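With our numbering, letter number 58 in the sequence shown gets 609, and the count goes up by one each step, no holes. A virtual CB, placed ideally from N, CA and C, is assigned to each residue, including glycine. Note that this is a predicted model, so its numbers are computed, not measured. Below: one structure, written as structure tokens.
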Amino acid sequence: MGEQLAETKRAVHRAVSRTFDGSFGVICAECAFSYIVHTHEYCVHTKNDITCLVYKDG
Numbered sequence: 552m553g554e555q556l557a558e559t560k561r562a563v564h565r566a567v568s569r570t571f572d573g574s575f576g577v578i579c580a581e582c583a584f585s586y587i588v589h590t591h592e593y594c595v596h597t598k599n600d601i602t603c604l605v606y607k608d609g
């Protein structure tokens, strides 16, 4: 995993943890990915060719 991708994932997780209550998962990739998660609260965003999925656990 590239350093930029790892730092993006950590930065997104820090921001979400500071802003919202609860436990969140973060998945980031520089390519298309498929993932199944059971949640009603999630966000998918792409910037600078990195796509991140953030979802609330449980």
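Taking only three categories from DSSP, how would you classify Val605? Stepping through the sequence shown from its first residue, residue 605 is reached at position 54. Residue state, collapsed to three classes: strand.
Contact under 8 angstroms by Cβ, Val577 with Val605: As a position in the sequence shown, residue 577 is number 26, starting the count at 1. As a position in the sequence shown, residue 605 is number 54, starting the count at 1. For Val577 and Val605, yes; Cβs fall inside 8 angstroms.
Which residues mark the beginning and the end of the alpha helix (DSSP H) in which Ala557 is found? The residue you call residue 557 lines up with position 6 of the sequence shown. Here the alpha helix (DSSP H) through Ala557 covers 554-570.
Taking the DSSP output, what are the residues bridged to Phe575? Numbered from 1 along the sequence shown, position 24 holds the residue referred to as residue 575. BP columns for Phe575 point to Lys607.
Residues near Lys568 in its chain [Cβ-Cβ closer than 8 angstroms; skip 5 each side]: The sequence position of residue 568 within the sequence shown is 17, counting from 1. Per the sequence shown, the amino acid found at residue 568 is Ser instead of Lys. Contacts found: Phe575.
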